[in-house]
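Quick note, the sequences are listed as chains A and B, same order.
Residue numbers for the first sequence, in my numbering: 720 to 905.
Residue numbers for the second sequence, in my numbering: 720 to 905.
Note that beta-carbon positions come from the ideal geometry of N, C-alpha and C, so glycine has one too.
As the structure is a computational prediction, the values presented were derived from the model and not from experiment.
Protein chains: 2
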Amino acid sequence: MTKPLRADARRNRDLLLASAVRLFSEKGLDATLDAIAKDAGVGIGTLYRHFPTREALIEAAYRNELDQLCDAGPALLRELPADQALRTWMDRFVDYMTTKIGMSDALRAVIASGGDPYAHSRDRLNSTIEQLVSPLIAAGTLRGDVLVDDVLIGLSGIALAAGEPSQREQAGRLLDLLVDGLRFRG
Amino acid sequence: MTKPLRADARRNRDLLLASAVRLFSEKGLDATLDAIAKDAGVGIGTLYRHFPTREALIEAAYRNELDQLCDAGPALLRELPADQALRTWMDRFVDYMTTKIGMSDALRAVIASGGDPYAHSRDRLNSTIEQLVSPLIAAGTLRGDVLVDDVLIGLSGIALAAGEPSQREQAGRLLDLLVDGLRFRG
DNA sequence: ACTCGATACGGAGGAACCTCCGGTTGAGTT
DNA sequence: AACTCAACCGGAGGTTCCTCCGTATCGAGT
């Protein structure tokens, strides 16, 4: 799909990512990009070439954890009734976004970008939601005319607008509201 | 409520606001704060004292238009059936946020701040929503256990997450979803 | 092994941000 | 009118951001 990077480019990219993960968790998400570049032993220009925006770098750095979140979807389906699995996963989604302070900026970038290279994460999320929702649609609990992508954007909106720790409860109520909106009515 | 500003302080504040409104509409919302301060003929320090963050300045600059948005609430109620009035106003809300590019940053600040001095706008919005929603609750169309503030945050979330012009249609679907979630079920 | 585009690198530099504090001014008090 | 001090002003300066382009390196083809 994407042409393979030149050897030096790939090496530097990995160095940058490693440094980013380290510095982000050490000094918080507002670590300076200059510091990351220096830590990785590359020029600032190189950093910007690989990750044009701060969000792009954060997104890449957290992709692992995001994969974990997505993996939890099928796992929950095995352990819980489908409706509880969905709701639990939604909670985790919000927790994830809320916990990784500053991640919400990255999230917005990921979500907003239609066909960008960062669409990977978005696809991943969408397919997870798809898996969680489809059994409920089949069972007639949720309506069938809902676009998966709308659910994702809805979740993001909640995390974005009620992302402060003090608003966690409100976020919960909004998740209820969202699920209610999705519910099938005879 | 708030102690009256000293004469010079009030004068500078007004100058700053006037310059901000002018430059924002002239050069877009990414006009530099330095430029605004210079245009107003005050030091950058003065700007930061009155408006600690860029969002605070934007919020203040757009307060007029925001008031207009709120005024439209009662007006719509007079012209349309209550349910249509609500939905139309929601659309305007999203349009407003979407159109004033960069406003979403301000919005987030306004929304997120619990008891800040910028809570004024938030109160204004909440009371408008209250007016739009209460007739529908009285009529049994919407459920009565919904917090007005949740509706506001929900709206903000939609505007925040689906704020790109290309996502306008999706935002519409999400508004439908939100209203559905609010609907009373026998 | 060598050549030669294509690709990637590095970091200087200009722009914007935001803080900090010595100096100035408004408005009560005597 | 002179005094006083809390409140306000201004802008230099330290940080971070991000672009731009001359130089260095890769690797496919010969």
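query, result
"Chain A residues whose Cβ lies nearer than 7 Å to that of B/S875", "A880"
"Where the alpha helix (DSSP H) containing B/S744 begins and where it ends", "A726 to K746"
"Closest Cα partner of A/R811 within the set A/A779, A/H839 and A/L844", "A/L844"
"For B/G834, three-class secondary structure by DSSP", "Reliability fails at B/G834, whose pLDDT of 45 lies under 50, so the model's placement of it is uncertain and the value that follows must be treated cautiously. Reduced to three states, the DSSP call for B/G834 is coil."
"Neighbour flag for A/L734 against chain B, beta carbons, 7 Å", "no"
"Listed by chain order, chain B residues near A/Q889 by CB distance under 9 Å", "L866, D868, D869 and I872"
"Local conformation of B/R902 per DSSP, three classes", "strand"
"Contacts of A/L893 in chain B (Cβ-Cβ under 8 Å)", "D869, I872, G873 and G876"
"B/R904 versus B/R862, B/A880 and B/D868, residue with shortest Cα-Cα distance", "B/R862"
"First through last residue of the alpha helix (DSSP H) which encompasses A/V867", "V867 to A880"
"Selection from B/L724, B/L796 and B/D786 that minimises the alpha carbon distance to B/L851", "B/L796"
"Any C-beta of chain B under 7 Å from that of A/G905", "no"
"Local conformation of B/L861 per DSSP, three classes", "strand"
"Sequence ranges, alpha helix (DSSP H) only - wholly within the segment 748-772 of chain A, length at least 4", "752-759 and 763-769"
"Per-residue burial, B/R892 [other beta carbons within 10 Å of its own, 16 or more giving buried]", "buried"
"Under 7 Å from the C-beta of B/G900: neighbouring residues of chain A", "L896, L897, D899 and G900"
"Validate contact between the segment 758-767 of chain B and the segment 736-748 of chain B using beta carbons, cut 8 Å, 3 pairs", "yes"
"Meets three-Cβ-pair contact criterion under 8 Å: the segment 892-901 of chain B and the segment 888-902 of chain A", "yes"
"Where the alpha helix (DSSP H) through A/Q803 begins and ends", "A801 to T818"
"Under the three-state DSSP convention, the category B/P723 falls into", "coil"
"Environment of A/D869 [buried if 16+ CB atoms lie within 10 Å]", "buried"
"At least 3 beta-carbon pairs within less than 8 Å: the segment 786-796 of chain A vs the segment 743-757 of chain A", "no"
"Inter-residue Cα distance where the pair is B/A727 and B/L752", "Here the sequence assigns Asp to residue 727 of chain B, which means Ala is not the residue at that position. Taking the straight line joining both Cα atoms gives about 20 Å."
"Terminal residues of the alpha helix (DSSP H) in which A/E883 lies", "Counting along the chain, A/E883 falls outside any alpha helix (DSSP H), and DSSP gives it neither H nor E."
"Sub-7 Å separation of B/A880 and A/L879 beta-carbons", "yes"
"For B/A779 and B/T772, the rounded distance between their alpha carbons", "11 Å"
"Distance, B/V813 Cα to B/E883 Cα", "10 Å"
"Proximity winner among B/F770, B/I763 and B/E784, relative to B/M816 (alpha-carbon distances)", "B/E784"
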